[in-house]
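What follows is a single structure, written as structure tokens, with notes after it.
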Amino acid sequence: DGGITQSPKYLFRKEGQNVTLSCEQNLNHDAMYWYRQDPGQGLRLIYYSQIVNDFQKGDIAEGYSVSREKKESFPLTVTSAQKNPTAFYLCASSIAAEQFFGPGTRLTVL
Amino acid sequence: GQQLNQSPQSMFIQEGEDVSMNCTSSSIFNTWLWYKQDPGEGPVLLIALYKAGELTSNGRLTAQFGITRKDSFLNISASIPSDVGIYFCATTTGNQFYFGTGTSLTVIP
Chain A
629 DGGITQSPKY LFRKEGQNVT LSCEQNLNHD AMYWYRQDPG QGLRLIYYSQ IVNDFQKGDI
689 AEGYSVSREK KESFPLTVTS AQKNPTAFYL CASSIAAEQF FGPGTRLTVL
Chain B
-14 GQQLNQSPQS MFIQEGEDVS MNCTSSSIFN TWLWYKQDPG EGPVLLIALY KAGELTSNGR
46 LTAQFGITRK DSFLNISASI PSDVGIYFCA TTTGNQFYFG TGTSLTVIP
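Going down the list, the sequences are from chains A and B.
FYI, in the numbering used here the residues of the first sequence are 629 to 738.
FYI, in the numbering used here the residues of the second sequence are -14 to 94.
What follows is the structure in structure tokens.
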């Protein structure tokens, strides 16, 4: 059963703590992405990776970091430098011109 | 990034009515995608279009790739309560994907 998994579904953290969001795909896609979605808004690109061991900043990369050590995994770390981290985070992967999304992680920073 | 203008922003319709929404850009693209997002979930790809003028259906959903290659349209026929959600258009230049701001659909039983 191929797809993209994100865990956990809900995540709570105290202000000032770093937190890592998991994203795994078994679709054998080369490209993976992280988006942030705020209430009533569209998708904003944080980071993307076209190939293992390489990634590029998106439109809102400040306060975030990623790694791409394996093709199937693209974890996102929300650092304490991110001023407004509470949001819905979506991971995606793509092949050719089609992009597919995971179920999302809702991060709440208290 | 690329700007995709999606309209209308929201729609409130009676169950059984047909729905139309569209997406326009100032640039030419070779692909148009339509997604549906349920509350608290990730977007799901509904239809992908690859050729100007192409008309593609997925059940009660029909999407068209505009002949100018700068727009796309999504129609939903005979709406039902489970059609509720946010519909996004999207396109790509290869490396990145660009999304419309979404159309929020409410179906009144």
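Backbone N, C-alpha and C define an ideal beta-carbon position, used for all residues, glycine too.
Handout entry: Under 8 Å (Cβ pairs) to chain A, residues found in the stretch 26 to 56 of chain B
Key = E26, G27, P28, V29, L30, A33 and Y35
Practice task
Using a cut-off of 8 Å between C-beta atoms, extract the partners of B:T91 located in chain A.
Solution key: As a first step, residue 91 of chain B is located in the second sequence; it is residue number 106 there, counting from the start. Result: empty, since nearest Cβ-Cβ is about 14 Å, beyond 8 Å.
Handout entry: For B:I65 and B:S57, the rounded distance between their alpha carbons
Key = The residue labelled residue 57 of chain B in the question sits at position 72 within the second sequence. The residue labelled residue 65 of chain B in the question sits at position 80 within the second sequence. So the two alpha carbons sit approximately 23 Å from each other.
Exercise for the section: Have a look at B:Q(-1) and A:I632 and give me their C-alpha separation to the nearest angstrom. Expected result: Here residue -1 of chain B is taken as the residue at index 14 of the second sequence, counted from 1. Here residue 632 of chain A is taken as the residue at index 4 of the first sequence, counted from 1. Roughly 34 Å separates the two Cα atoms.
Handout entry: Rounded separation between B:T76 and B:C8 - CA only
Key = Residue numbering aside, residue 76 of chain B sits at position 91 when the second sequence is read from its first letter. Residue numbering aside, residue 8 of chain B sits at position 23 when the second sequence is read from its first letter. Each residue's Cα considered, the two are about 10 Å apart.
Exercise for the section: Report the rounded CA-to-CA distance for B:F(-3) versus B:D3, giving the unit in angstroms. Expected result: For this step, residue -3 of chain B is matched to residue 12 along the second sequence. For this step, residue 3 of chain B is matched to residue 18 along the second sequence. Computed Cα separation, rounded: 11 Å.
Problem - Whole-angstrom distance between A:P713 and A:L704, CA atom to CA atom - result: Numbered from 1 along the first sequence, position 76 holds the residue referred to as residue 704 of chain A. Numbered from 1 along the first sequence, position 85 holds the residue referred to as residue 713 of chain A. Looking at the two C-alpha atoms, the distance is approximately 12 Å.
Exercise for the section: Could you say which of B:Q(-9), B:G79 and B:A37 lies nearest to B:S5 if we only look at CA atoms? Expected result: Your numbering for residue 5 of chain B matches position 20 in the second sequence. Of the listed residues, the one whose Cα sits closest to B:S5 is B:Q(-9).
Practice task
Report all residues from its chain with a CB closer than 6 Å to the CB of A:F716; omit the five preceding and five following residues, and keep chain order.
Solution key: On the first sequence, residue 716 of chain A is found 88 positions in, with the first residue counted as 1. So the list reads Q665, G732 and R734, once near-sequence residues are dropped.
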